[in-house]
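In what follows, a structure is listed as structure tokens, so that the remarks can point back to it.
Residue numbers (the numbering used here): 127 to 289.
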């Protein structure tokens, strides 16, 4: 009996292609500007400022008003984003004469991951998908948003400056 395709596949390793992360970062304005840090554990807890402290000008002898900021502890839990990018071994060996099939499939999967991250970074909502994360839209308080009119409208630099 000849070796089956399934058994033969067990004796081969997948090839890890370089350049996927660089491709995703180069195509994403969000990822280009975001600093990332390595986290060991389940998440990152940080303090979010509720209301900023105020400052003012005073005359000589004035009584200074005391104002202290308040904070809320927020925990961002780690999430997994990805996708499976399989290419049949036979196709990779026999149909890659014009274009590397594995590289093409992995690059397209990286693009899909990048687009999913960019969208979730802005619009993410764990109440709609508990496996994702809250995006900027959920993290911003109501006072930090602007309406562009009843029907939406184009964002302008003037409106952006109002934030």
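The beta-carbon is built from N, C-alpha and C at its ideal position, and this holds for glycine as well.
CB-CB length for residue i against residue j, believed under 8 Å
i, j, result
"residue 239", "residue 209", "6 Å"
"residue 211", "residue 232", "5 Å"
"residue 171", "residue 201", "5 Å"
"residue 165", "residue 207", "Contact flag wrong, Cβ pair sits at about 15 Å."
Which residues DSSP lists as bridging residue i, in chain order
i, result
"residue 174", "198"
"residue 169", "203"
Neighbourhood of residue i by C-beta distance below 6 Å, restricted to the same chain and skipping five residues each side
i, result
"residue 283", "none"
"residue 235", "209, 211"
"residue 218", "227, 228"
Same chain, Cβ closer than 8 Å to residue i, neighbours up to 5 away in sequence not counted
i, result
"residue 153", "237, 240"
"residue 285", "272, 274"
"residue 195", "175, 176, 177, 178, 179"
"residue 288", "272"
Residue i, enclosing alpha helix (DSSP H) - first and last residue
i, result
"residue 156", "155-159"
"residue 283", "283-288"
"residue 262", "262-265"
Close beta carbons around residue i, own chain, < 7 Å, minus the five adjacent residues each side
i, result
"residue 197", "173, 174, 175, 176"
"residue 258", "205, 246, 250, 252"
"residue 248", "261, 262, 263"
"residue 168", "203, 204"
4-residue-minimum alpha helix (DSSP H) runs that sit fully inside the region 176-237, ordered along the chain:
Fully enclosed alpha helix (DSSP H) runs of 4 or longer: 215-220.
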